[in-house]
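Beneath this line is the structure, given in structure tokens, with notes to follow.
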């Protein structure tokens, strides 16, 4: 749970607006509990957010992801979702989807690259 943090709220077709949470609690992605603040498990941690800013998980909407290390590094920088434009390793993408983990970004993959003759991905070195 994060209490009293400043967070960014994106309204449709408007600039991000800073809002303040007064005395309420926000459920963090890795926290266990519920928005009322009543813990379902005694191990729930509360973080005091006064003077801090809380951002939602960022989405990298164009990646070429080939390893778990890339997904772990992304999470360090606040990216919680990778949208992979293509991967030659469909088993890797399927495995990452099946084995969700809180220590790395989630991976959604377009699968195999499909292109026109001499299109993107078929360039040759001169």
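In the working numbering, the protein residues as written are 315 to 440.
C-beta: ideal position from N, C-alpha, C; glycine also.
Bear in mind that the values here come from a model prediction, so they are computed numbers and not experimental data.
Residues that DSSP places opposite residue i in a beta bridge
| i | result |
| --- | --- |
| residue 421 | 396 |
| residue 361 | 316 |
| residue 367 | 320 |
| residue 377 | 398 |
Three-state class that DSSP yields for residue i in the structure shown
| i | result |
| --- | --- |
| residue 390 | helix |
| residue 372 | strand |
| residue 435 | coil |
| residue 324 | With a pLDDT of only 48 at residue 324, under the threshold of 50, the placement of this residue in the model should not be trusted; the figure read from the coordinates follows. Of the three classes helix, strand and coil, the one that applies to residue 324 here is coil, per DSSP. |
The alpha helix (DSSP H) enclosing residue i, as first and last residue numbers
| i | result |
| --- | --- |
| residue 406 | 404-412 |
Contact under 8 angstroms by Cβ, residue i with residue j
| i | j | result |
| --- | --- | --- |
| residue 374 | residue 396 | yes |
| residue 379 | residue 421 | yes |
| residue 389 | residue 424 | no |
So, does the region 407-414 touch the region 430-438, judging by three or more C-beta pairs under 8 angstroms? no
How about the region 362-372 and the region 400-409: do they share at least three Cβ pairs that are nearer than 8 angstroms? no
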